[in-house]
Amino acid sequence: MPPSPTQSDARPGPIESLRHALRSWRIGSVTLLSFASGLPLGLVWIAIPDWMRDAGVDIRITGLFTLAQAPWSFKVLWSPLMDRWVPPFWGRRRGWAAIAQVALLVLFLGLAGVGNRPETPWIVFAYALAIAFVSASQDIAVDAYAVDVLLPEEHGVAVGARTALYRAAMFAAGGMAIWIASLWSWPGVCLVLAAGFLPAVLVTWKAPEPGVPPGAPRTLREAVWHPFLELLTRHRALEILAFVVLYKLADNLSQSLMRPFLHDMGYTAFDRGLMLATLGTWATVGGTFVGGWLTPVLGLGRSLWIFGVLQIVSNVGYVLVAHSPPSRPLMYSAMTFESLCTGLGMGAFSVLLLRITRKRFSATQYALFSSLFGLPRILAGPVTGFTVHAVGWSAFFWLTMLAGIPGLLLLQRFAPWSEREPTFEVEAPRVG
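Under the working numbering, the first residue of the sequence shown carries the number 1, and numbering increases by one thereafter.
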């Protein structure tokens, strides 16, 4: 039944939503836990390969360290176990998060113990892989906790705040850790990062439990199969899953080889580093915060449309950069605008993921959605390389805009422009 005029008028505006967010401990706890999620990723993804290469480790072995990122891509494989079994303390989500945080503290301390032994890179690799596995498990628990504890009107602001602290933690454990290690030592850096999980455990302890915690699956079979069965019984389920894969495809393609693009266009290492590591990152974070903040005001359906069109059209800036001689103002403007639009789309899209995840199976379903969302990012690199070689950079960026259209066509199927808030109904079983 559509809302009455009174209900529509009572919908909180952007200022009221922000004020509520600043007073909500639910949003505060979810946001602070996201900082603990970003620390291990920054270390494994950015800092450790730089550390190994600086220590003189062979480039072939250093390249293998990228394999340590695999657990984040395959976390859906063990997420049903975290749906099925409940730790004996702090509930199903906070209990698993606390176990992972304590394990990460121990692993970071162990990594500090081999910090002055670069002649044992395989031990460092084993620690990196273990940290990635436990960190992916923490992500499962924290994401599921966000689904369970947040109210629908809190999703937008929470998404933006979570992204900001997650990226800040990645920067601290990645780029900043490299700089501090050059002044101090890697064991000291690892000790400081390990200490960062102590307040995370405290936040987990004090975080509120959901009002009516959803019941855990009774059997492992139910934990493994029922999340997928429940998902597939929804109206237009396959179209929604395809939308999760395709909505950010234009961004994934355009950003996959951005460093080589700027190099080929004649921009210096300083320009590339400043844009990609600083201005672009903060534009994306700011866009995600604004996108999540405006989504409850505009409505989820309208936000997905508006921000989806913007993130496609923003690639025109790269076409202009490809056709022009090196111009810092043009390059900085084009990339900042594209990064901002990417963040806007990410804000609305993250709210969608929270909305379509069922609380009883939140660990498994959210892990599945995030894995599907990350799939184009993994495959975009090889596709981009061959396409650019065949047609050139300018034509390639026009093709990325075309690649964004299928996502909008799928959006029209389950969330037409006239529908402010899409619904995700479960269909009754049919015989035959």
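Every residue, glycine too, gets a C-beta built ideally from N, C-alpha and C. Please read all numbers here as calculations on a predicted model, not as lab measurements.
Could you say which of Ile312, Trp225, Arg355 lies nearest to Phe337 if we only look at CA atoms?
As a working note, residue 337 is residue 337 in the sequence shown. Looking at the Cα atoms, Ile312 is the closest of the given residues.
Taking the Cβ atom as the reference point for each residue, do Pro210 and Val149 lie within a distance shorter than 8 Å?
Locating residue 210 in the sequence shown gives position 210, where the first residue counts as 1. Locating residue 149 in the sequence shown gives position 149, where the first residue counts as 1. Contact: yes.
Could you check if Lys75 is buried or exposed, using at least 16 other CB atoms within 10 Å of its CB as the buried criterion?
Position 75 of the sequence shown, counted from the start, is the residue given in the question as residue 75. The residue is buried, with at least 16 neighbouring Cβ atoms inside 10 Å.
Kindly indicate which residue of Gly292, Thr364, Trp51 has the alpha-carbon position closest to the one of Cys341.
Counting from one through the sequence shown, the residue named residue 341 turns up at place 341. It is Gly292 whose Cα lies nearest to the Cα of Cys341.
Smallest Cα separation from Trp90: which of Thr268, Ile46, Ala207, Asp54?
By one-based count along the sequence shown, residue 90 stands at place 90. Ranking Thr268, Ile46, Ala207, Asp54 by Cα distance to Trp90 puts Ala207 first.
Taking the Cβ atom as the reference point for each residue, do Phe228 and Leu411 lie within a distance shorter than 8 Å?
Translated into the one-based positions of the sequence shown, residue 228 becomes position 228. Translated into the one-based positions of the sequence shown, residue 411 becomes position 411. No.
What would DSSP say about Arg259, mapped onto helix, strand or coil?
Taking the first residue of the sequence shown as 1, we reach residue 259 at position 259. Helix, per DSSP.
Looking only at C-alpha atoms, which of Leu300, Glu421, Leu33 sits nearest to Trp205?
In the sequence shown, the residue the question calls residue 205 occupies position 205. The candidate whose alpha carbon is nearest that of Trp205 is Leu33.
Quick one, are the C-beta atoms of Leu183 and Val134 less than 8 Å apart?
On the sequence shown, position 183 is the one that residue 183 refers to. On the sequence shown, position 134 is the one that residue 134 refers to. No, they are not a contact pair.
Compute the Euclidean distance between the alpha carbons of Asp251 and Leu276, then round it to the nearest angstrom.
Walking along the sequence shown from the start, residue 251 turns up at place 251. Walking along the sequence shown from the start, residue 276 turns up at place 276. Cα to Cα, the separation comes out at about 14 Å.
Comparing alpha-carbon positions, which option in Gly273, Met331, Glu419 lies nearest Leu300?
Numbered from 1 along the sequence shown, position 300 holds the residue referred to as residue 300. For the residues Gly273, Met331, Glu419, the minimum Cα distance to Leu300 belongs to Glu419.
Which residues in the same chain have their Cβ closer than 8 Å to the Cβ of Thr384, if we skip the five residues on either side of it in sequence?
Position 384 of the sequence shown holds residue 384. The residues are Leu253, Ser256, Leu257, Phe396.
Considering only C-alpha positions, which residue in the set Trp51, Leu77, Gly42, Asp83 is nearest to Ser433?
With the chain covering only 1 through 432, there is no way to say anything about residue 433.
If distances are taken between C-alpha atoms only, which option among Val30, Val224, Ile405, Ala36 comes closest to Trp245?
As a working note, residue 245 is residue 245 in the sequence shown. Per the sequence shown, residue 245 should be read as Val rather than Trp. Out of Val30, Val224, Ile405, Ala36, Ile405 has the C-alpha closest to the C-alpha of Val245.
What do you reckon, are the CB atoms on Gly343 and Gly287 nearer than 8 Å?
The count along the sequence shown starts at 1 and reaches residue 343 at position 343. The count along the sequence shown starts at 1 and reaches residue 287 at position 287. Taking 8 Å as the Cβ cut-off, Gly343 and Gly287 qualify as a contacting pair.
Would Tyr267 and Pro326 qualify as a contact pair, given that the criterion is a beta-carbon distance under 8 Å?
Translated into the one-based positions of the sequence shown, residue 267 becomes position 267. Translated into the one-based positions of the sequence shown, residue 326 becomes position 326. In contact: Tyr267 and Pro326 (Cβ atoms closer than 8 Å).
Which value, in whole angstroms, describes the spacing of the CA atoms of Gln101 and Val201?
Counted from its first residue, the sequence shown places residue 101 at position 101. Counted from its first residue, the sequence shown places residue 201 at position 201. Distance between the alpha carbons of Gln101 and Val201: 6 Å.
Assuming the contact rule is C-beta atoms closer than 8 Å, Ile140 and Ser79 should be a hit. Round their C-beta distance to whole Å, please.
By 1-based counting over the sequence shown, the position of residue 140 is 140. By 1-based counting over the sequence shown, the position of residue 79 is 79. Contact holds; Cβ gap of about 5 Å.
Where does Leu300 fall in DSSP's three states?
On the sequence shown, position 300 is the one that residue 300 refers to. It is helical.
Counting C-beta neighbours from all protein chains within 10 Å, is the total for Met1 16 or more, i.e. buried, or is it exposed?
As a first step, residue 1 is located in the sequence shown; it is residue number 1 there, counting from the start. Because Met1 carries a pLDDT of 39, less than 50, the predicted location of this residue cannot be relied on, and the following value inherits that uncertainty. Per the 10 Å Cβ criterion, exposed.
Could you spell out where the alpha helix (DSSP H) holding Gln69 opens and where it closes?
Within the sequence shown, numbered from 1, the residue matching residue 69 stands at position 69. Looking at the DSSP string, Gln69 is not in any alpha helix (DSSP H), and its letter there is neither H nor E.
Just the Cα atoms here: how many angstroms apart are Thr120 and Val224?
To locate residue 120, count along the sequence shown from 1; it is residue 120. To locate residue 224, count along the sequence shown from 1; it is residue 224. Roughly 39 Å separates the two Cα atoms.
Rounded to the nearest angstrom, what separates Leu129 and Asn315 at their Cα positions?
The residue you call residue 129 lines up with position 129 of the sequence shown. The residue you call residue 315 lines up with position 315 of the sequence shown. Approximately 36 Å between the Cα atoms of the pair.
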